[in-house]
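Undergrad: For any residue, its number in this note's numbering is found by taking its place in the sequence shown, counting from 1, and adding 2. In this text, a Cβ means the ideal position worked out from N, Cα and C, and glycines have one as well.
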Amino acid sequence: MKRCGFIILFTFFAWALAIAQDCTILSPGTVLMGQNDYIEYRTGNMPIVLSIPHGGSLTPSEIPDRLCPDCVTVNDAFTIELGTALSDSIHAITGCRPHVIINHLDRIKLDANRNLADAALGHPIAEQAWNDFHGFIEDAKTCVEEQFGTGLYIDLHGHGHTIERIEYGYLIYEDELAFDESVLNSTTYVNYSSLRNLVAFNVMGLQHTDLLKGDFALGSLLHAQGYPGVPSSAAPYPLPGEPYFSGGYNTAVHSSYNGGTIDGVQIECNQALRFDPEARDIFAGALAENIVQFVEYHYGHSSSTCAVSISEHEDSNVAMIHPNPGYTQFQIAPAMLKNLERLSIFDSQGRLQQQIPPETEYIHIERPGVYMVVLRLKDGREYSERIISLH
Ligand SMILES: [Zn+2]
């Protein structure tokens, strides 16, 4: 099977969005909508990004149907409901909210898990929705990278395969999952993987195969709770002829396969986990618990560590640093200043540039660029704000 190449088109796009957005302003759970309300972004404050590309039901006449011979138009029923229950369960467990991006368009209008050409078939309104969907994911990833450094992206789907089990896609094909450990742990196959960054940096020093199907793999954790899946320690690879989705466009473009520090997995849920509301909610709780565990075990992000937004703070609506963008001198808001324990300034590469004593009211930036200012308060909370120095 020929492995597809995915072209990195997002670098400039992500950069432009990152400058436009400030992750600390919005309260977690704030709803942002794309054009015509086709795409929804529920903002988060933890290192998990969830996208739901195939659960939509809107069929606006302004977008023509996707009637090409090879176009798949079957929706993944109840995945928006499942994703919402999953997000709510994660919040119930941790007090934090994942970032959630939802395509509300029916797949007959937009396939949000394809490249732009195949997704929208050249129709400008569908193309705008595609850009909104992927732009919101990039926004969310930028926030996670700024606030946590690393994180996990999940593309949530539903399959109709006859084998009722969860299929976890890490961009490793079904026949490849059966290869010897030495092959799967080689640089070649790690570089094919959506867990590429995690293999290089994980808390327990586990190898690629451990993260795919070892005892602490996501599939194994869920399997132990009565939710069979592949790959997992119980079913390390699909047998010849068994159906399996190894991960699609979104997993490739938005995971560390494509670079960066956010890994990815496509989770394909079988029908028994989606169609019945009660079973769905119970499963969402188990999935939430195990995703949180996976992130804690391997990334070391404590399950209850949220990035607190400024609007949740008692001094809400107060900009922390101004003017922004500015030139060489920036002022710290008095409301922050009185509670400040430490202020650190990092450059765009994450390198510490300055540490400022708490009583300092003004900060000075010598070189133009984009910087991250991290303010630690006396009560232990931390805020971060991106500032732009123009000169
Ligand atoms: Zn799907």
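Cβ of Asp120 versus every heavy atom of ligand 1: is any distance shorter than 6 angstroms?
TA: As a position in the sequence shown, residue 120 is number 118, starting the count at 1. Flag unset: Cβ of Asp120 not near ligand 1.
Undergrad: Taking only runs that begin and end inside the region 307 to 377, name each unbroken alpha helix (DSSP H) of 4 or more residues, in chain order.
TA: Taking only runs of at least 4 residues, the alpha helix (DSSP H) segments lying wholly in the region 307 to 377 are 336 to 339.
Undergrad: DSSP on Ile2, reduced to helix/strand/coil?
TA: The structure shown does not extend to residue 2, since the chain is modelled only from 3 to 393, so the question has no answer here.
Undergrad: According to DSSP, is Gln1 helix, strand or coil?
TA: Lying outside 3 to 393, the shown extent of the chain, residue 1 is not represented and no answer is given.
Undergrad: With contact counted as at least three CB pairs below 8 angstroms, one residue from each stretch, are the region 214 to 228 and the region 135 to 146 in contact?
TA: Counting Cβ pairs under 8 angstroms, fewer than three are found: no touch.
Undergrad: Is His256 close to ligand 1? I mean its beta-carbon at under 6 angstroms from any heavy atom of the ligand.
TA: Counted from its first residue, the sequence shown places residue 256 at position 254. No, ligand 1 has no heavy atom inside 6 angstroms of this Cβ.
Undergrad: Let's test the definition: count the other Cβ atoms within 10 Å of the Cβ of His101 and tell me whether it reaches 16, buried, or not, exposed.
TA: As a working note, residue 101 is residue 99 in the sequence shown. Result: buried.
Undergrad: Could you check if His56 belongs to the surroundings of ligand 1, using beta carbon to heavy atom distance under 6 angstroms?
TA: Numbered from its first residue, the sequence shown carries residue 56 at position 54. Checking every heavy atom of ligand 1 against the Cβ of His56, one is found closer than 6 angstroms.
Undergrad: Go through its chain and collect everything with a Cβ distance to Asn204's Cβ below 6 angstroms, but skip five positions before and after it.
TA: As a working mapping, residue 204 is identified with position 202 in the sequence shown. Hits under 6 angstroms: His300.
Undergrad: For a test of your reading of the model: does the CB of His159 fall under 6 angstroms from any non-hydrogen atom of ligand 1? Yes or no.
TA: By one-based count along the sequence shown, residue 159 stands at place 157. Yes, ligand 1 has a heavy atom inside 6 angstroms of this Cβ.
Undergrad: From Ala281 to Gly249, what does the alpha carbon distance come to, in whole angstroms?
TA: Here residue 281 refers to the residue found at position 279 when the sequence shown is read from its first residue. Here residue 249 refers to the residue found at position 247 when the sequence shown is read from its first residue. C-alpha separation (whole angstroms): 25 angstroms.
Undergrad: Relative to the C-alpha of Ile41, which candidate in Ser59, Gly243, Tyr175 has its C-alpha closest?
TA: Looking up residue 41 in the sequence shown gives position 39. Checked all of Ser59, Gly243, Tyr175; the closest Cα to Ile41 is Ser59.
Undergrad: Residues in its own chain within less than 7 angstroms of Val291 by CB, not counting five upstream and five downstream?
TA: Position 289 of the sequence shown holds residue 291. Per the sequence presented here, residue 291 reads as Glu, with Val not at that position. Excluding sequence neighbours, Glu291 sits near Ile95.
Undergrad: What does Arg44 pair with, by DSSP beta-bridge criteria?
TA: For this step, residue 44 is matched to residue 42 along the sequence shown. Bridge partners of Arg44: Val33, Val102.
Undergrad: What residue does the alpha helix (DSSP H) around His136 start on, and which one ends it?
TA: Reading the sequence shown from its first residue, position 134 is the one you call residue 136. Per DSSP, His136 belongs to the alpha helix (DSSP H) from 126 to 150.
Undergrad: Which residue wins for smallest C-alpha separation from Asn199, given the options Leu154, Glu176, Thr164, Tyr175?
TA: For the purposes of this step, residue 199 is identified with residue 197 of the sequence shown, where counting begins at 1. Cα-wise, what sits closest to Asn199 is Leu154.
Undergrad: Ligand 1 and Asp78: does any heavy atom of the ligand fall closer than 6 angstroms to the residue's C-beta?
TA: Here residue 78 is taken as the residue at index 76 of the sequence shown, counted from 1. Because some heavy atom of ligand 1 lies under 6 angstroms away, the Cβ of Asp78 counts as near it: yes.
Undergrad: Of the choices Glu298, Gly207, Asn187, whose alpha-carbon is the least far from that of Glu220?
TA: Looking up residue 220 in the sequence shown gives position 218. It should be noted that the sequence gives Leu, not Glu, for residue 220. Checked all of Glu298, Gly207, Asn187; the closest Cα to Leu220 is Glu298.
Undergrad: Check this for me: beta carbons of Ala254 and Leu173, under 7 angstroms apart or not?
TA: By one-based count along the sequence shown, residue 254 stands at place 252. By one-based count along the sequence shown, residue 173 stands at place 171. In contact: Ala254 and Leu173 (Cβ atoms closer than 7 angstroms).
Undergrad: Under 7 angstroms Cβ to Cβ from Ile390, same chain only, skipping five residues before and after it: list those, please.
TA: Residue 390 sits at position 388 when you count from the first residue of the sequence shown. Closer than 7 angstroms at the Cβ level, and outside the excluded window around Ile390, lie Ile21, Asn326, Pro327, Val372.
Undergrad: If you count every other CB in all the chains shown that lies within 10 Å of the CB of Gln194, and 16 or more means buried, which is it?
TA: Your numbering for residue 194 matches position 192 in the sequence shown. Per the sequence shown, the amino acid found at residue 194 is Tyr instead of Gln. Buried, because 16 or more other Cβ atoms sit within 10 Å of the Cβ of Tyr194.
Undergrad: Assuming Ser386 and Glu148 are in contact, meaning their beta carbons sit under 8 angstroms apart, how far apart are those beta carbons, in whole angstroms?
TA: Locating residue 386 in the sequence shown gives position 384, where the first residue counts as 1. Locating residue 148 in the sequence shown gives position 146, where the first residue counts as 1. About 6 angstroms separates the two Cβ atoms, so the contact holds.
Undergrad: Can you give me the Cβ contacts of Pro230 inside the same chain, cut-off strictly under 6 angstroms, excluding the 5 residues immediately before and after it?
TA: Position 228 of the sequence shown holds residue 230. So the list reads Arg167, once near-sequence residues are dropped.
Undergrad: For the region 81 to 96 against the region 175 to 189, are there 3 or more C-beta pairs whose distance is under 8 angstroms?
TA: The answer is no - the region 175 to 189 does not touch the region 81 to 96, with fewer than three Cβ pairs under 8 angstroms.
Undergrad: Would Leu123 and Arg68 be called neighbours here (beta carbons separated by less than 7 angstroms)?
TA: The residue given as residue 123 occupies position 121 in the sequence shown. The residue given as residue 68 occupies position 66 in the sequence shown. Cβ distance < 7 angstroms, so Leu123 and Arg68 count as in contact.
Undergrad: Which one of Leu88, His163, His125 has the shortest CA to CA distance from Leu289?
TA: Sequence index remark: in the sequence shown, residue 289 carries index 287 (1-based). When only C-alpha atoms are compared, the closest one is Leu88.
Undergrad: Starting from Val297 and walking both ways along the alpha helix (DSSP H), at which residues does that stretch end?
TA: Locating residue 297 in the sequence shown gives position 295, where the first residue counts as 1. Start and end: 279 to 301.
Undergrad: Mapping DSSP to helix, strand and coil, what is Val201?
TA: Indexing the sequence shown from 1 puts residue 201 at position 199. The answer is helix: DSSP assigns Val201 an H, G or I state.
Undergrad: Could you tell me whether the Cβ of Tyr239 comes closer than 7 angstroms to any Cβ of chain C?
TA: Absent from the structure is chain C; it holds one protein chain and no more.
Undergrad: CA-CA distance, Glu183 and His210?
TA: The sequence position of residue 183 within the sequence shown is 181, counting from 1. The sequence position of residue 210 within the sequence shown is 208, counting from 1. Roughly 8 angstroms separates the two Cα atoms.
Undergrad: I need the DSSP call for Leu52, collapsed to helix, strand or coil.
TA: Your numbering for residue 52 matches position 50 in the sequence shown. Correct three-state label for Leu52: strand.
Undergrad: Just list the residues that DSSP pairs His159 with in beta bridges.
TA: Position 157 of the sequence shown, counted from the start, is the residue given in the question as residue 159. In the DSSP output, where bridge partners are listed per residue, His159 has Glu270.
Undergrad: Is the number of C-beta pairs between the region 358 to 375 and the region 332 to 350 that are closer than 8 angstroms three or more?
TA: A contact exists between the region 358 to 375 and the region 332 to 350.
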